[in-house]
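Undergrad: I'd like to ask you about the structure that follows.
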Amino acid sequence: MNLYSSKEMTDLLERHNFFFKKNLGQNFLMNESIAARIADASFETVPKSGKKSLAIEIGPGAGSLTLQLAKRFDSVLALEIDPHLIGVLDESLADESNVKVVQADALAYDFSKVLRDYPEHSIAVCSNLPYYITSEIIMRLLESALPITSITVLIQKEAAVRLTSKPGSEQYGAITAAVGFYASSEKLFTVGPGNFIPRPKVDSAVLRLTPYGEPAVKVQDQELFFKLIRAAFGNRRKTLSNALSSALKVCYSKEHILKMLDLAEIDPNRRGETLSLEEYAKISDAFTNSR
Ligand code: SAM
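In case it helps, this note's numbering puts the sequence shown at residues 30 to 320.
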């Protein structure tokens with residue numbers, strides 16, 4: 030079966046009475062060479078150490094990317110939420126004995142199981158992600174205890190630009206800072222809407238994240254650090270001191286916030302999106318040390 034032929038894909042889906050669900054972000058990749066490039070970008074991050082390799086795929090759909098992952102990795106674990114795709118995958122991946130398909134919501138999946146089921150494997154995550162879970166699943170994976178060598182994802186281009194933007198740019202947001210705490214990011218290439226069925230409205234892009242192992246900056250209270258970042262980005266038109274005091278007024282007076290910014294040597298009139306992670310860490314530690 031050729032999964033990249035529209036006719037064969039349509040026949041396969043019809044045989045299983047499958048209908049696309051917009052709310053699950055179902056846009057299937059139909060271009061074999063793009064699927065191969067994404068799988069290559071993921072596989073090249075796996076250390077050639079003699080360890081076995083595992084690809085975790087979120088949302089295999091009908092298997093277009095899974096097939097390419099199965100050719101490169103020793104094992105593939107594919108988590109698909111839609112029960113109507115399980116029969117489709119059984120047929121499309123019938124020859125791929127190294128793929129395990131699990132019907133599960135990736136947002137609720139206990140990733141610690143992977144360590145038990147695939148001990149001693151080098152793990153990479155590779156996926157054409159459903160747009161509605163992009164930030165949440167990336168953060169879940171980065172915060173999990175899984176030793177992941179890379180996360181290679183096809184996502185909306187706008188999200189890829191945001192996640193690779195630098196402090197001070199218009200696209201830099203709280204999610205950019207949060208991801209940047211755990212990983213470096215690179216935008217690899219753009220993929221046009223004509224490569225999917227159904228056709229999405231916007232361009233997509235491949236983003237690769239490489240976790241640092243240790244967070245990018247040292248901070249005494251990680252929860253407070255992220256709370257400050259969210260507060261600072263809560264209202265982009267406000268200065269840092271105004272954004273922090275309106276978001277955190279239940280916990281801290283404006284006077285106290287100004288004092289902490291002064292201790293951290295940060296100008297209170299700056300905007301949240303211009304600060305680096307190191308600067309947020311200095312502010313966060315000033316709050317922690319003043320308790
Ligand atoms: N990988 C396939 C491809 O490239 O053709 C399909 C990609 S499609 C953009 C996203 C897939 O993720 C769909 O199959 C959808 O059902 C699945 N999905 C959506 N939400 C999910 C979730 N929370 N957990 C696991 N899979 C999910």
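For each residue, glycine too, the CB sits at the ideal point set by N, CA and C.
Since this is a predicted model, take the numbers as computed values, not measurements.
(1) Gln97: beta carbon under 6 Å from a heavy atom of the ligand SAM?
(2) For Tyr281, tell me which candidate among Asp296, Ser319, Thr303, Lys247 has the shortest Cα-Cα distance.
(3) To test your reading of the DSSP string, which unbroken alpha helix (DSSP H) runs of 4 or more residues are found completely within the region 139-177?
(4) Can you list the beta strand (DSSP E) stretches of 3 or more residues lying completely in the region 187-239, in chain order?
(5) On the premise that Leu170 lies in contact with Ile177, defined as a C-beta separation below 8 Å, what is that separation, rounded to the nearest angstrom?
(6) Given that a residue counts as buried once 16 or more other Cβ atoms are within 10 Å of its Cβ, and exposed if not, what is Tyr138?
(7) Alpha carbon to alpha carbon, how far is Leu306 from Thr317?
(8) Which first and last residues belong to the alpha helix (DSSP H) in which Ser319 is found?
(9) So, is Thr219 buried or exposed, given that buried needs 16 or more other C-beta atoms within 10 angstroms?
(10) For Ser82, which of Asp103, Ile295, Gln97 has the nearest alpha-carbon?
(11) Assuming Glu109 is part of the beta strand (DSSP E), what are its boundary residues?
(12) By Cβ distance below 8 Å, which residues in the same chain neighbour Val33 in space, the five residues on each side in sequence not counted?
(13) Spatial neighbours of Val117 within its chain, please: C-beta separation below 7 Å, excluding the five flanking residues on both sides.
(14) DSSP three-state label for Gln303, please.
(15) Here's the rule: buried if 16 or more other CB atoms are within 10 angstroms of the residue's CB, otherwise exposed. What is Gln249?
(16) Express the C-alpha separation of Leu96 and Leu253 in angstroms, rounding to a whole number.
(17) Can you have a look at Thr205 and say buried or exposed, based on whether 16 or more other CB atoms are within 10 angstroms of its CB?
(18) Whose C-alpha, out of Arg145, Asp146, Phe140, His150, is nearest the C-alpha of Ile167?
(19) Answer yes or no: the CB of Asp124 versus the heavy atoms of the ligand SAM, is any distance below 6 Å?
(20) Using the three-state DSSP reduction, which class does Gln97 fall into: helix, strand or coil?
(21) Mind reading off the beta-carbon distance from Gln185 to Ser233? Whole number of angstroms is fine, and I expect it under 8 Å.
(22) Taking the continuous alpha helix (DSSP H) assigned at Ala123, which residues delimit it?
(23) Would you identify the three-state DSSP class for Glu86, choosing helix, strand or coil?
(24) Do the CB positions of Tyr160 and Gly88 come within less than 7 Å of each other?
(25) At a cut-off of 6 Å, would you count Leu106 as near the ligand SAM, judging by its Cβ distance to the nearest heavy atom?
TA: Well, looking at it:
(1) Working through the sequence shown from its first residue, we reach residue 97 at position 68. No, Cβ of Gln97 sits at least 6 Å from all heavy atoms of the ligand SAM.
(2) The residue you call residue 281 lines up with position 252 of the sequence shown. Of the candidates Asp296, Ser319, Thr303, Lys247, the residue whose Cα lies closest to the Cα of Tyr281 is Ser319.
(3) Within the region 139-177, the complete alpha helix (DSSP H) runs of at least 4 residues are 141-146, 163-172.
(4) For the region 187-239, the continuous beta strand (DSSP E) assignments of 3+ residues that do not extend past its boundaries occur at 212-220, in sequence order.
(5) Residue 177 sits at position 148 when you count from the first residue of the sequence shown. Residue 170 sits at position 141 when you count from the first residue of the sequence shown. The C-beta distance from Ile177 to Leu170 rounds to 6 Å, short enough to meet the 8 Å contact threshold.
(6) Residue mapping note: residue 138 aligns to position 109 of the sequence shown, counting from 1. Classification of Tyr138: buried, given that the 10 Å Cβ count is 16 or more.
(7) In the sequence shown, residue 306 corresponds to position 277, counting from 1. In the sequence shown, residue 317 corresponds to position 288, counting from 1. Cα to Cα, the separation comes out at about 16 Å.
(8) Counting from one through the sequence shown, the residue named residue 319 turns up at place 290. Ser319 -> no alpha helix (DSSP H), and no H or E assigned at all.
(9) Locating residue 219 in the sequence shown gives position 190, counting from the first residue. Exposed, since its Cβ has fewer than 16 Cβ neighbours within 10 Å.
(10) Position 53 of the sequence shown, counting from 1, holds the residue named residue 82. Closest option to Ser82, judged by alpha-carbon separation, among Asp103, Ile295, Gln97: Asp103.
(11) Taking the sequence shown and counting its residues from 1, the one referred to as residue 109 is at position 80. Counting along the chain, the unbroken beta strand (DSSP E) around Glu109 starts and ends at 104-109.
(12) Numbered from 1 along the sequence shown, position 4 holds the residue referred to as residue 33. Here residue 33 is Tyr; the residue named in the question, Val, does not match the sequence. Cβ within range, chain order: Met59, Asn60, Glu61, Ala64, Ser93.
(13) Within the sequence shown, residue 117 is the residue found at index 88, counting from 1. Contacts found: Leu41, Leu42, His45, Phe47, Ala91.
(14) Against the sequence shown, residue 303 aligns to sequence position 274. A quick correction: the sequence has Thr, not Gln, at residue 303. In the structure shown, Thr303 adopts helical secondary structure according to DSSP, grouped into three states.
(15) Counting from 1 along the sequence shown, the entry for residue 249 is found at position 220. If you draw a 10 Å sphere on the C-beta of Gln249, you find fewer than 16 other C-beta atoms in it, and that means exposed.
(16) Counting from 1 along the sequence shown, the entry for residue 253 is found at position 224. Counting from 1 along the sequence shown, the entry for residue 96 is found at position 67. Leu253 and Leu96: Cα-Cα distance of roughly 43 Å.
(17) Against the sequence shown, residue 205 aligns to sequence position 176. Label assigned to Thr205: buried.
(18) Stepping through the sequence shown from its first residue, residue 167 is reached at position 138. Checked all of Arg145, Asp146, Phe140, His150; the closest Cα to Ile167 is Phe140.
(19) Along the sequence shown, one-based indexing puts residue 124 at 95. Using a cutoff of 6 Å, the CB of Asp124 does not count as near the ligand SAM, since none of the ligand's heavy atoms is closer than that.
(20) As a position in the sequence shown, residue 97 is number 68, starting the count at 1. Helix, per DSSP.
(21) For the purposes of this step, residue 185 is taken as the residue at position 156 of the sequence shown. For the purposes of this step, residue 233 is taken as the residue at position 204 of the sequence shown. Between Ser233 and Gln185 the Cβ distance is about 6 Å, and since that is below 8 Å, they are a contact.
(22) Walking along the sequence shown from the start, residue 123 turns up at place 94. From DSSP, Ala123 is part of no alpha helix (DSSP H); its letter is neither H nor E.
(23) For the purposes of this step, residue 86 is taken as the residue at position 57 of the sequence shown. Collapsing the DSSP output to three states places Glu86 in a strand.
(24) Looking up residue 160 in the sequence shown gives position 131. Looking up residue 88 in the sequence shown gives position 59. For Tyr160 and Gly88, no; Cβs fall outside 7 Å.
(25) Within the sequence shown, the letter at position 77 stands for residue 106. The beta carbon of Leu106 sits no closer than 6 Å to any heavy atom of the ligand SAM.
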